[in-house]
Amino acid sequence: MGFEVLLKGNNMLRLLGGLGVAMYISLISVAISIFLGIILGALMTLKNPVINAFSRVYLEIVRIMPQMVLLFIVYFGATKVLGINLSAEISSIIVFSFWGTAEMSDLVRGALSGIDKIQYESSMALGMNTRQTYFHVIIPQIIRRLIPLSINLITRMIKTTSLVMMIGIVEVLKVGQQIIEANRKSSPNAAFGVFATIFLLYFLACYPISCLSKYLEKKWEN
Amino acid sequence: MNFEVIRDYLPLYIKAFMLTIKIGWIGIALSLGIGVFSAFILHFKIPIASQIVKVYVELFRNTPLLVQLFFVYFGLPKIGISISAEAYGAIGLGLLGGSYMTESFRSGLDAVKVSQTESALALGMSKGQLFTSVILPQAVTLSVPAVVANLIFLLKETSVFSAISLMDLMFTAKDLIGLYYNTTECLVMLVVFYIFMLLPVSILGSVIEKKTRFKMFGD
């Protein structure tokens, strides 16, 4: 079946290392996306017409453009048009942050506008000032709503980073291909075993995270 | 920008566009079928079948399409299952989409309030009437936004097909860039064709969402 290839030498370790590369890129991108997304999401609730128009166009671009196309535009297009040389890692982090920021800002906007007006009014009636209202009433509620959703964003980011092999980053799929090519003679069926293992590795990486997200969402339901 | 280049490439892009749309929509039709079927199994808690559906949904929701396609396209032929790349693309997309659609339809079915069922039963409706004229219409409406989001997501995911040598838009662009180095033109055309494919779906989707949204009892 081709699973024996993985036991040869340090093949399994190399495969895990490849998964590490994908994780590394996705975690950096998630961190950037959450940071920028919160800022943009908060700005979107201000109802400023310029910001609204900008964010609508931005969100629509991200909504309809495949991430792979964005990757190609940044990796191949930027080099040609702007004459700058971006490494594959940097361009993938730029693209995934661009995508993630849009997703995150929409979540933040949803969470912020989902807070009832009554919450603001009640805390004011209790004599709280604006700062106290935000710190003791609004922000704790938003954080509870946002944490499960941001954790969910992490799994989606991990899944999307599998695309980086298309611009030449050596991550888990590429390592898998290398292992298959190297053992073509000795075990011709390696493709099945190796890709089944990668399939499972991705599942093992994402499943616990999505379980955590579901658990927190249930736990913090009002 | 060299417009002669664009004119020369146009037929190639149109061909790729047609292929992308064809496989995309076959995959989506497949995923809708799988989704409705599995959602019913989960909703009615059919023993064994619902366990299988749960494993399938978790397995496919937690792995990327690229990895799924590599597994079916390069892996399955090694154990003797071999069909064309197009069929693998459509089946891969159908399986991935099926898992997402299942979740959308199931949450739609589950979101119909218990009081609706109870009221319908109190009015003397039969189980069949209850399902077809009370639960189903509400469940469909409730799952529309999620289904539209899934449609766009799945059409976007078709860009991954280029990895298994399907001559889709992405593959054509990559191929032409590699052959003639007209990077700018190729990328601009790629973007235009994707906008052409997805913007109508996105706009139509939000119209349908608005049209089907009605006030629930108690709103």
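For the record, the sequence lines run as chains F and X. FYI, the numbering for the first sequence is 1 to 222, going by the working numbering. FYI, the numbering for the second sequence is 1001 to 1219, going by the working numbering. Don't be surprised by glycine CBs; every beta carbon is placed ideally from N, CA and C. All of these numbers come straight from a predicted model, not from anything done at the bench.
Rounded C-alpha distance that separates residue i from residue j
i: Leu1136 of chain X; j: Gly1033 of chain X; result: 16 Å
i: Lys1210 of chain X; j: Arg184 of chain F; result: 55 Å
i: Tyr24 of chain F; j: Leu153 of chain F; result: 15 Å
i: Ile93 of chain F; j: Leu201 of chain F; result: 22 Å
i: Thr101 of chain F; j: Lys1045 of chain X; result: 38 Å
i: Leu70 of chain F; j: Ser26 of chain F; result: 16 Å
i: Glu217 of chain F; j: Asn189 of chain F; result: 43 Å
i: Asp1219 of chain X; j: Ile115 of chain F; result: Only weak support is given to the placement of Asp1219 of chain X: the predicted model assigns it a pLDDT of 49, under 50, and the value that follows is read from those uncertain coordinates. So the alpha carbons of these two residues sit roughly 17 Å apart.
i: Gly168 of chain F; j: Ala88 of chain F; result: 7 Å
i: Ser1206 of chain X; j: Leu107 of chain F; result: 18 Å
i: Met104 of chain F; j: Pro208 of chain F; result: 21 Å
i: Thr133 of chain F; j: Asn1062 of chain X; result: 39 Å
i: Ile1164 of chain X; j: Glu1118 of chain X; result: 51 Å
i: Met1125 of chain X; j: Ser1115 of chain X; result: 14 Å
i: Met124 of chain F; j: Ile28 of chain F; result: 39 Å
i: Ser187 of chain F; j: Lys1127 of chain X; result: 57 Å
i: Gly1094 of chain X; j: Ser113 of chain F; result: 35 Å
i: Met44 of chain F; j: Asn52 of chain F; result: 6 Å
i: Ile79 of chain F; j: Tyr1181 of chain X; result: Note on residue identity: the sequence assigns Thr, not Ile, to residue 79 of chain F. About 12 Å.
i: Leu1096 of chain X; j: Phe72 of chain F; result: 24 Å
Contact with chain X by residue i, beta-carbon distance below 9 Å
i: Glu60 of chain F; result: yes
i: Arg63 of chain F; result: yes
i: Phe292 of chain F; result: Limits of chain F in this structure are 1 at one end and 222 at the other, which puts residue 292 of chain F out of reach.
i: Met68 of chain F; result: yes
i: Gly20 of chain F; result: no
i: Leu173 of chain F; result: yes
i: Tyr207 of chain F; result: yes
i: Ile198 of chain F; result: yes
i: Ser162 of chain F; result: yes
i: Ile169 of chain F; result: no
i: Ala53 of chain F; result: no
Contacts around residue i, its chain only, beta-carbon distance under 7 Å, and the 5 residues preceding and following it disregarded
i: Thr1184 of chain X; result: Met1001
i: Val1201 of chain X; result: Leu1151, Ile1152, Leu1155
i: Tyr58 of chain F; result: Ala102
i: Leu40 of chain F; result: Ser55, Thr101, Ser105
i: Ser162 of chain F; result: Ala22, Leu173
i: Met1167 of chain X; result: Ala1016, Leu1019
i: Ile34 of chain F; result: Met104, Ser150
Any non-hydrogen atom of the ligand GTP closer than 8 Å to residue i Cβ
i: Lys174 of chain F; result: No copy of the ligand GTP occurs in the structure displayed, which carries no ligand at all.
Own chain partners of residue i with C-beta closer than 6 Å, once the 5 adjacent residues on each side are dropped
i: Arg14 of chain F; result: Val175
i: Thr1141 of chain X; result: Thr1212
i: Cys1186 of chain X; result: Ala1173, Leu1176, Ile1177
i: Met12 of chain F; result: Leu6
i: Ala1049 of chain X; result: Ile1041
i: Val62 of chain F; result: Trp99, Ala102
i: Gly1098 of chain X; result: Ser1031, Ile1034, Gly1035
i: Tyr1057 of chain X; result: First, the residue type needs correcting, since residue 1057 of chain X is Val and not Tyr in the sequence shown. The answer, listed in chain order, is Ser1099, Thr1102.
i: Thr155 of chain F; result: Cys206, Ile209, Ser210
i: Glu1157 of chain X; result: Leu1065
Residue-level contact to chain F via CB, residue i, 9 Å cutoff
i: Lys1054 of chain X; result: no
i: Glu1157 of chain X; result: yes
i: Gly1218 of chain X; result: A caution first: Gly1218 of chain X carries a pLDDT of 49, below 50, which makes its placement in the model unreliable, though a value can still be read off. Taking Cβ atoms only, chain F never reaches closer than 9 Å to Gly1218 of chain X, which makes this a no.
i: Ala1087 of chain X; result: no
i: Val1147 of chain X; result: no
i: Lys1174 of chain X; result: yes
i: Val1067 of chain X; result: yes
i: Val1160 of chain X; result: yes
i: Asn1150 of chain X; result: no
Rounded Cβ spacing between residue i and residue j (contact assumed at less than 8 Å)
i: Gly1027 of chain X; j: Leu1204 of chain X; result: Wrong, their Cβ atoms sit about 19 Å apart, outside the cutoff.
i: Ile151 of chain F; j: Ala22 of chain F; result: With a Cβ gap of about 17 Å, Ile151 of chain F and Ala22 of chain F do not count as contacting.
i: Tyr988 of chain X; j: Phe1193 of chain X; result: The requested residue 988 of chain X does not occur in the structure, where chain X is confined to residues 1001 to 1219.
i: Leu1065 of chain X; j: Gly1092 of chain X; result: 7 Å
i: Leu1148 of chain X; j: Ile1208 of chain X; result: For clarity, residue 1148 of chain X is Val in the given sequence; the question names Leu instead. That belief holds up - the Cβ atoms of Val1148 of chain X and Ile1208 of chain X are roughly 7 Å apart, short of 8 Å.
i: Val95 of chain F; j: Gln67 of chain F; result: 6 Å
i: Ile1006 of chain X; j: Met1189 of chain X; result: 6 Å
i: Phe195 of chain F; j: Phe1074 of chain X; result: 6 Å
i: Glu181 of chain F; j: Gly18 of chain F; result: Rounded, the Cβ-Cβ distance is 14 Å, inconsistent with contact.
i: Ile148 of chain F; j: Ser213 of chain F; result: Note that residue 148 of chain F is Pro in the sequence shown here, rather than Ile. Pro148 of chain F to Ser213 of chain F, Cβ: 5 Å. Contact.
i: Ser223 of chain F; j: Val74 of chain F; result: Beyond the ends of chain F as shown, which are 1 and 222, falls residue 223 of chain F; an answer cannot be given.
i: Val1144 of chain X; j: Phe199 of chain F; result: At roughly 32 Å, the Cβ-Cβ gap does not stay under 8 Å, so Val1144 of chain X and Phe199 of chain F are not in contact.
i: Lys1078 of chain X; j: Ala191 of chain F; result: 5 Å
8 Å Cβ shell around residue i - same chain, five flanking residues per side excluded
i: Val1036 of chain X; result: Met1101, Phe1105
i: Ser1082 of chain X; result: Leu1076
i: Leu1121 of chain X; result: Leu1130
i: Phe1017 of chain X; result: Leu1169, Phe1193, Phe1196, Met1197
i: Phe1003 of chain X; result: none
i: Leu1059 of chain X; result: Ser1099
i: Ala1146 of chain X; result: Glu1103, Ser1104, Ser1107, Gly1108
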